[in-house]
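To start, the structure itself, in structure tokens.
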Amino acid sequence: MKEYLSHEISLYVSQGCIYGCDFCAAEHGKKEQYREMEITEKDMNYLVARAKKLGLASISIYMSNLDVFQTPEQILEFAKAMSRVRKNNGGFELKIRGLAGIFSFLNTRKINREAIEALAECGFDTVGFGVDGVAGTWAKIHKGQNTEDGCVEAIRSTREDFGITPEMFMVFGHEGVDTQETLKEAYEFTMFMAEKYGAIPRPHVAKPFIPGNKGWRSPKYAGAIEQLMRDPRLFQGLDFTALPTGLTHPDPVLRQAVTEYYLRICEIKGNTTNWLKAVEPGMSQQEMAEITAFNKGRYDR
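For what it's worth, my numbering labels the leading residue of the sequence shown as 39, then goes sequentially.
The following block contains the structure:
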């Protein structure tokens, strides 16, 4: 238990999201629904009590929410509950982070600023903003134009107005969408925001089909999915932190470009993504063992 609580743990707070990103396998396309806050609070009181007995001074939590600020009233209640947990346990430190949409954050800042402030006070110190498709924004910045693009403003505001660390959560390398140029722009934009606002890069490689997403049900990928079912070890390559493979990115030009810029973003100061090598069809047992050895320990935060 001490080993478990010494790493970042997932806390089930809510499920659902009004958006419907094709690559996402989570339940989405509907309004977010929360657990009973009383139960969440009891769970946290129990975990904190165990952590204290084990000699730990803090707990790191990753919220299950797909968009933390999508429902401001509920997130304010969550913040109040976590503040009570801290108070009941002598100010025990909670380190909380979660995902958020740009629009949801800006909207909550406008209509319920108290929710963001309360969240920051209870221990919410990091937010991962989805910043996919930044080519247009970067073009404006690169040309020296003033832009009030929501992505830039959200990152600036979290850092400067609320003292929350912004993460740039991106999933790129989409077949038929990304090119060498868009990937380059994503890299340059990430560099710019990391240097200007201390934004933390969190790059991920798009996988066109994973169990539960739109691609998994598409006849287009039936052949690739059949290969996965014949050799379940290949599922490891569907991890969003794994390098692209011939199975997930059959176009060699795109695959090389995605690999190049993914690794370059992972090298930016502050990056928290540990990239993984991927198991590919036709690999020998020795090659797979080498990949397993390389990846060991790179999943935990």
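Even for Gly, the Cβ is constructed at its ideal location relative to N, Cα and C. Predicted model only: the values in this text are computed from it and were never measured.
Express the C-alpha separation of Lys315 and Ala192 in angstroms, rounding to a whole number.
Numbered from its first residue, the sequence shown carries residue 192 at position 154. Numbered from its first residue, the sequence shown carries residue 315 at position 277. Their Cα atoms are separated by approximately 33 Å.
Integer-rounded CB distance, given that Pro282 should sit under 8 Å from Thr346:
Absent from the model: residue 346. The displayed extent of the chain is 39 to 339, so no value can be given.
Hey, quick one: how far does the alpha helix (DSSP H) through Val123 stretch, first residue to last?
Translated into the one-based positions of the sequence shown, residue 123 becomes position 85. Taken as a continuous stretch (DSSP letters only), the alpha helix (DSSP H) holding Val123 covers 110-126.
DSSP beta-bridge partners of Gly168:
Translated into the one-based positions of the sequence shown, residue 168 becomes position 130. In DSSP, Gly168 forms a bridge with Phe207.
If Phe130 sits next to Gly168, beta carbons under 8 Å apart, how far is it from one beta carbon to the other, in whole angstroms?
To locate residue 130, count along the sequence shown from 1; it is residue 92. To locate residue 168, count along the sequence shown from 1; it is residue 130. About 31 Å; that fails the 8 Å criterion.
Going by DSSP in three states, Arg240 sits in which element: helix, strand or coil?
Reading the sequence shown from its first residue, position 202 is the one you call residue 240. If DSSP states are grouped into helix, strand and coil, Arg240 belongs with the strands.
Which one of Val209, Val51, Pro249, Ile303 has the shortest CA to CA distance from Glu74?
Here residue 74 refers to the residue found at position 36 of the sequence shown. Answer by Cα proximity: Val51.
Alpha carbon to alpha carbon, how far is Ala87 from Glu159?
Walking along the sequence shown from the start, residue 87 turns up at place 49. Walking along the sequence shown from the start, residue 159 turns up at place 121. Their Cα atoms are separated by approximately 21 Å.
Would Leu342 pass as a contact of Gln265 if the rule is Cβ separation under 8 Å?
In this structure the chain extends from 39 to 339, so residue 342 is not present and cannot be described.
Let me check understanding here. Comparing Cα to Cα, which of Lys69, Val243, Leu104 lies closest to Glu213?
Taking the sequence shown and counting its residues from 1, one reaches residue 213 at position 175. The shortest C-alpha separation from Glu213 is found at Val243.
In three-state terms, what does DSSP make of Glu131?
For the purposes of this step, residue 131 is identified with residue 93 of the sequence shown, where counting begins at 1. Glu131 falls in the strand class under three-state DSSP.
Give the straight-line distance between the Cα atoms of Ala262 and Gly253, rounded to the nearest whole angstrom.
Here residue 262 corresponds to residue number 224 of the sequence shown, with the count starting at 1. Here residue 253 corresponds to residue number 215 of the sequence shown, with the count starting at 1. One C-alpha to the other measures close to 11 Å.
Alpha carbon of Gln183 to alpha carbon of Gln274, nearest angstrom
Translated into the one-based positions of the sequence shown, residue 183 becomes position 145. Translated into the one-based positions of the sequence shown, residue 274 becomes position 236. Any reading at Gln183 is ruled out, since the residue's pLDDT is 43, under 50, leaving its predicted position unreliable.
Given this structure, state the Cα-to-Cα distance separating Ala224 from Asn126, to the nearest angstrom.
Translated into positions along the sequence shown, residue 224 becomes position 186. Translated into positions along the sequence shown, residue 126 becomes position 88. Each residue's alpha carbon lies about 44 Å from the other.
Starting from Ile303 and walking both ways along the beta strand (DSSP E), at which residues does that stretch end?
Counting from one through the sequence shown, the residue named residue 303 turns up at place 265. Per DSSP, Ile303 belongs to no beta strand (DSSP E); it is in the alpha helix (DSSP H), 290-304.
Since Tyr100 is in the beta strand (DSSP E), which residue starts that stretch and which ends it?
Translated into the one-based positions of the sequence shown, residue 100 becomes position 62. First-last of the beta strand (DSSP E) with Tyr100: 96-101.
Is it the case that the Cβ atoms of Arg197 and Thr203 are separated by a distance below 8 Å?
On the sequence shown, residue 197 is found 159 positions in, with the first residue counted as 1. On the sequence shown, residue 203 is found 165 positions in, with the first residue counted as 1. Taking 8 Å as the Cβ cut-off, Arg197 and Thr203 qualify as a contacting pair.
Starting from the C-beta of Leu94, find all residues in its chain whose C-beta is less than 8 Å away, skip the five residues before and the five after it, and write them out in chain order.
On the sequence shown, residue 94 is found 56 positions in, with the first residue counted as 1. Lys40, Leu43, Ser44.
Do you know offhand how far Glu325's Cα is from Lys80's?
Within the sequence shown, the letter at position 287 stands for residue 325. Within the sequence shown, the letter at position 42 stands for residue 80. Approximately 46 Å between the Cα atoms of the pair.
Let's see if you can read the secondary structure: which residues bound the beta strand (DSSP E) around Leu49?
By one-based count along the sequence shown, residue 49 stands at place 11. Per DSSP, Leu49 belongs to the beta strand (DSSP E) from 47-49.
Under three-state DSSP, which class holds Ala316?
Along the sequence shown, one-based indexing puts residue 316 at 278. Note: Ala316 maps to coil in three-state DSSP.
For Ser52, the residue or residues it bridges with in DSSP
By one-based count along the sequence shown, residue 52 stands at place 14. Ser52 pairs with Tyr72.
Could you tell me which residues DSSP pairs with Phe162 in its beta bridges?
Counting from 1 along the sequence shown, the entry for residue 162 is found at position 124. According to DSSP, which records beta bridges pairwise, Phe162 is partnered with Ile134.
Tell me where the alpha helix (DSSP H) around Phe143 begins and ends.
Taking the sequence shown and counting its residues from 1, one reaches residue 143 at position 105. Where Phe143 is concerned, the enclosing alpha helix (DSSP H) stretches over 140-149.
Euclidean distance between Cα positions of Asn312 and Thr279:
Sequence index remark: in the sequence shown, residue 312 carries index 274 (1-based). Sequence index remark: in the sequence shown, residue 279 carries index 241 (1-based). About 7 Å.
Measuring alpha carbon to alpha carbon, tell me which residue in Val165, Gly250, Ile47, Glu233 is nearest Gly136.
As a working mapping, residue 136 is identified with position 98 in the sequence shown. Here the closest residue by C-alpha is Val165.
Measure the Cβ-Cβ separation of Ile154 and Ile99 and say whether it is below 8 Å.
The count along the sequence shown starts at 1 and reaches residue 154 at position 116. The count along the sequence shown starts at 1 and reaches residue 99 at position 61. Against a cut-off of 8 Å, the Cβ pair of Ile99 and Ile154 comes out as no contact.
For Lys119 versus Leu157, is the C-beta distance shorter than 8 Å?
Working through the sequence shown from its first residue, we reach residue 119 at position 81. Working through the sequence shown from its first residue, we reach residue 157 at position 119. Before going further, note that residue 119 is Ala rather than Lys in the sequence given. Contact: no.
Ile303 beta carbon less than 8 Å from that of Thr228
Working through the sequence shown from its first residue, we reach residue 228 at position 190. Working through the sequence shown from its first residue, we reach residue 303 at position 265. Closer than 8 Å, so yes.
For Ile140, I'd like the list of residues in its chain whose CB is within less than 8 Å of its CB, leaving aside the five on either flank, ordered along the chain.
If you number the sequence shown from 1, residue 140 lands on position 102. Excluding sequence neighbours, Ile140 sits near Phe167, Gly168, Val169, Gly188, Cys189, Ala192.
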